Amino acid sequence: MRGYYLRYVQVLFQFFPLAIAFLRDRRRFLLFGPSRQVSTEVHRDRAQRLTETMLELGPAFIKVGQVLSTRPDIVPPTYVEEFATLQDEVPEEAGGDPMTVVDAELGDEIDRETLEPVAGGSLAFVYTADYEGERIALKVRRPGIVAVIKRDLRVIRGFVPFPLLGTDYRQRYSIENLAGDFEDIILEELDFAREASIMAEIDDNF
Numbered sequence: 095m096r097g098y099y100l101r102y103v104q105v106l107f108q109f110f111p112l113a114i115a116f117l118r119d120r121r122r123f124l125l126f127g128p129s130r131q132v133s134t135e136v137h138r139d140r141a142q143r144l145t146e147t148m149l150e151l152g153p154a155f156i157k158v159g160q161v162l163s164t165r166p167d168i169v170p171p172t173y174v175e176e177f178a179t180l181q182d183e184v185p186e187e188a189g190g191d192p193m194t195v196v197d198a199e200l201g202d203e204i205d206r207e208t209l210e211p212v213a214g215g216s217l218a219f220v221y222t223a224d225y226e227g228e229r230i231a232l233k234v235r236r237p238g239i240v241a242v243i244k245r246d247l248r249v250i251r252g253f254v255p256f257p258l259l260g261t262d263y264r265q266r267y268s269i270e271n272l273a274g275d276f277e278d279i280i281l282e283e284l285d286f287a288r289e290a291s292i293m294a295e296i297d298d299n300f
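Numbering (this note's numbering), first residue to last: 95 to 300.
As structure tokens, then:
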């Protein structure tokens with residue numbers, strides 16, 4: 095429980111300056127005053143800072159950015175474009191070193207010298223590797239990711255009411271709907287056994 099509260103404070107501290115900036119767009123002096131116009135350049139800078147913050151906070155928040163990059167009904171175009179960079183490549187070191195998982199779970203079954211990184215994701219990293227005379231794709235879950243994701247999902251759930259402030263009914267419905275689906279989506283993506291069974295079923299169908 096203590097870890098949850100510490101994480102909540104850490105996340106709040108990271109997002110607080112940007113939250114104040116967005117609130118000042120609606121009310122120049124937060125509680126009163128006219129709204130203010132913000133240039134595209136300012137929004138782009140904010141979007142970049144949000145993206146960097148999500149990378150710093152780790153896999154669950156990277157996944158939030160990835161999901162938001164597919165929702166132009168909720169996120170303005172400038173932010174969609176910047177969040178989309180999280181779909182392309184996530185640094186291998188983000189969220190821990192996957193090689194510790196390879197060593198712990200596969201040991202000598204995989205020759206580390208044959209591993210070549212292919213892509214980085216918010217939850218896993220993909221390599222090609224030599225295995226039993228074949229070149230395979232190896233998807234490796236980031237170390238300790240399940241416990242981290244469950245903690246951060248709780249934190250994210252606690253922050254959901256804040257974006258709803260000041261939004262119209264349509265946007266509020268979209269955000270609530272997305273928040274409700276997000277947890278199921280990310281937990282399903284952590285279930286590699288489920289993913290393997292789906293891939294085997296697709297293979298059988300072809």
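For glycine and all other residues, C-beta sits at the position ideal for the given N, C-alpha and C. Here the structure is a predicted model, which means the values were calculated and not measured.
For Leu162, same chain residues with a beta-carbon under 6 angstroms away, outside a window of 5 residues either side, are Val169, Phe177 in chain order. Under DSSP, Gly214 takes part in a beta bridge, and its partners are Phe219. Taking every protein chain shown into account, the CB of Ser133 has fewer than 16 other CB atoms within 10 angstroms, so this residue is exposed. In this structure, the CA atom of Arg96 is about 11 angstroms from the CA atom of Arg245. Between Tyr221 and Glu203, the C-beta gap is not smaller than 9 angstroms, which leaves the two residues out of contact. The Cβ atoms of Ala198 and Thr208 lie no closer than 9 angstroms to each other.
In the three-state reduction of the DSSP assignment, Ala231 falls in the strand class, which pools E and B. For Met148 and Asn299, the gap between their C-alpha atoms comes out near 38 angstroms.
Residue Tyr173 holds the alpha-carbon nearest to the alpha-carbon of Glu135 among Leu151, Tyr173, Val196. Ranked by Cα distance from Leu144, the first of Leu117, Gly274, Ala113 is Ala113.
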